[in-house]
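**Student:** Using my numbering, read the sequence shown as starting at 39 and increasing by one per residue.
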Amino acid sequence: MSTKLTKLFVGGLNVETTEDGVRKYFEQFGSLSDCVVVMNQQLGRSRCFGFITYSAPEEADAAMAANPHVVEGHEVELKRAISREDANNPEILTNVKKIFVGGVKDHIEADNLTEYFSQFGVVEKAEIISDKQTGRKRGFGFVFFEDTDSATKAVLTKYHTINGNKVEVKKALTKQEISTGAGLRTTEAAVVVVAATAGEADTAEAISATPPPSSSSSLF
């Protein structure tokens, strides 16, 4: 089973917090199939961030909905982990509720988008864009979610199939949001990569050229 909807990044941990401490806290929201605190191998100490994987998407959703979290006296950041191939695309974690849906065929209606994307969260509105002069559909649309986490869950998978129509999704950003990163620094985005094994955790450490984000910073 894919971990895209079950794996979460935990940042801002106390340097003394162990995997057992992280597991003990986050298991109140569901069963963890994996838990890792990323270590600095040279210094032999925690890099103050890690990853947890729940057994079911609903459990990860419950943990995300309960933000903010305090683990062993430290307020921590809980965010969706992104795959390594998406690490160079920090826009995936920008703080927006709207997604772009491309490659939409003529038989797809706005109601189809609403019905499909409701699996990721509450959809406030969906629309298919048409040419103002001819009324013909232009092959793309937008979905507006109630919250940013639902939008992020939807774009963690790049391609979706709706009524036999393969579409591509991504965050819908204004030019200003693209230039500012909507509150996301790319150096921080590099930290939020999936680390499924101890070896991958070492890779995650190497990817990050900056210290792990503090509890006051925000990737979303």
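Note that the Cβ used here is the ideal one computed from N, Cα and C, for glycine as well.
Taking all protein chains shown into account, decide if LYS209 is buried (16 or more other Cβ within 10 angstroms of its Cβ) or exposed.
**Tutor:** Your numbering for residue 209 matches position 171 in the sequence shown. Under this definition LYS209 is a buried residue.
**Student:** Under a Cβ-count criterion, where at least 16 other Cβ atoms within 10 Å of its own Cβ denotes burial, should THR44 be classed as buried or exposed?
**Tutor:** Within the sequence shown, the letter at position 6 stands for residue 44. With 16 or more other Cβ atoms within 10 Å, it is buried.
**Student:** Nearest-angstrom Cα distance between VAL231 and GLU115?
**Tutor:** Here residue 231 corresponds to residue number 193 of the sequence shown, with the count starting at 1. Here residue 115 corresponds to residue number 77 of the sequence shown, with the count starting at 1. Any answer about VAL231 is weak, because its pLDDT of 49 lies below 50 and its placement is not dependable; what the coordinates show is given next. Whole-angstrom Cα-Cα distance: 14 Å.
**Student:** Is it right to say TYR197 is buried, meaning 16 or more other beta carbons lie within 10 angstroms of its own, or is it exposed?
**Tutor:** If you number the sequence shown from 1, residue 197 lands on position 159. Exposed.
**Student:** Could you give the distance in angstroms between the alpha-carbon of ALA164 and the alpha-carbon of ASN78?
**Tutor:** Against the sequence shown, residue 164 aligns to sequence position 126. Against the sequence shown, residue 78 aligns to sequence position 40. Whole-angstrom Cα-Cα distance: 45 Å.
**Student:** Any idea which residues DSSP pairs PHE183 with across the strands?
**Tutor:** Taking the sequence shown and counting its residues from 1, one reaches residue 183 at position 145. According to DSSP, which records beta bridges pairwise, PHE183 is partnered with VAL161.
**Student:** How would you call VAL48, buried or exposed, if buried means at least 16 neighbouring beta carbons within 10 angstroms?
**Tutor:** Position 10 of the sequence shown, counted from the first residue, corresponds to residue 48. The residue is buried, with at least 16 neighbouring Cβ atoms inside 10 Å.
**Student:** Do the stretch 136-155 and the stretch 189-203 touch if we need at least three Cβ pairs shorter than 8 Å?
**Tutor:** These segments touch.
**Student:** Under three-state DSSP, which class holds LYS136?
**Tutor:** As a working mapping, residue 136 is identified with position 98 in the sequence shown. Looking at LYS136 - three-state DSSP - the assignment turns out to be strand.
**Student:** For LYS204, which residues in the same chain have their Cβ closer than 7 Å to its Cβ, ignoring the five residues on either side in sequence?
**Tutor:** Translated into the one-based positions of the sequence shown, residue 204 becomes position 166. So the list reads GLY141 and TYR197, once near-sequence residues are dropped.
**Student:** Do PHE67 and ALA104 have their beta-carbon atoms positioned less than 9 Å apart in this structure?
**Tutor:** Numbered from 1 along the sequence shown, position 66 holds the residue referred to as residue 104. Numbered from 1 along the sequence shown, position 29 holds the residue referred to as residue 67. Going by C-beta atoms, ALA104 is nearer than 9 Å to PHE67.
**Student:** Where does SER84 land, buried or exposed, given buried means 16+ other C-beta within 10 angstroms?
**Tutor:** Here residue 84 corresponds to residue number 46 of the sequence shown, with the count starting at 1. Per the 10 Å Cβ criterion, buried.
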